[in-house]
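Residue numbers for the sequence shown follow my numbering, beginning at 2 and rising by one. Even glycine gets a Cβ: it sits at the ideal position worked out from N, Cα and C.
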Amino acid sequence: GGNLHQATVNLAAENIIRRAKRVKDVDPTVRSVERTFDKDGNVIITGSVTIGADVTVNADVSVGSLPNFPKHQDLIAHWNFNDF
2 GGNLHQATVN LAAENIIRRA KRVKDVDPTV RSVERTFDKD GNVIITGSVT IGADVTVNAD
62 VSVGSLPNFP KHQDLIAHWN FNDF
């Protein structure tokens with residue numbers, strides 16, 4: 002038999018892709034986004050993604066590329082939001 006956990010993860014990921022394809026078909030402003038799976042069944046989304054509404058993520062999120070901040074001598078102001 003197969004691994005039930007793996008099947009559940011793949012099914013959930015497949016549902017995400019189905020939803021994404023429906024949005025792409027309905028909204029002509031959505032640009033091409035590549036959706037793939039890694040060996041563990043995780044969904045990998047590559048491309049420019051804009052979310053224009055509130056989103057709840059019930060999982061860990063990692064960001065592969067953060068914006069570059071100016072060098073110290075060019076920095077005008079800085080606010081630390083970690084303390085709020």
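- Rounded to the nearest angstrom, the Cβ distance from Ile-45 to Thr-37 is 5 Å, consistent with a contact under 8 Å.
- Taking C-alpha positions only, Val-62 is separated from Ala-78 by approximately 28 Å.
- When the Cα atoms are used, Asn-69 and Lys-40 turn out to be separated by approximately 31 Å.
- Ala-60 is the residue among Asp-75, His-73, Phe-82 and Ala-60 whose C-alpha sits nearest the C-alpha of Asn-43.
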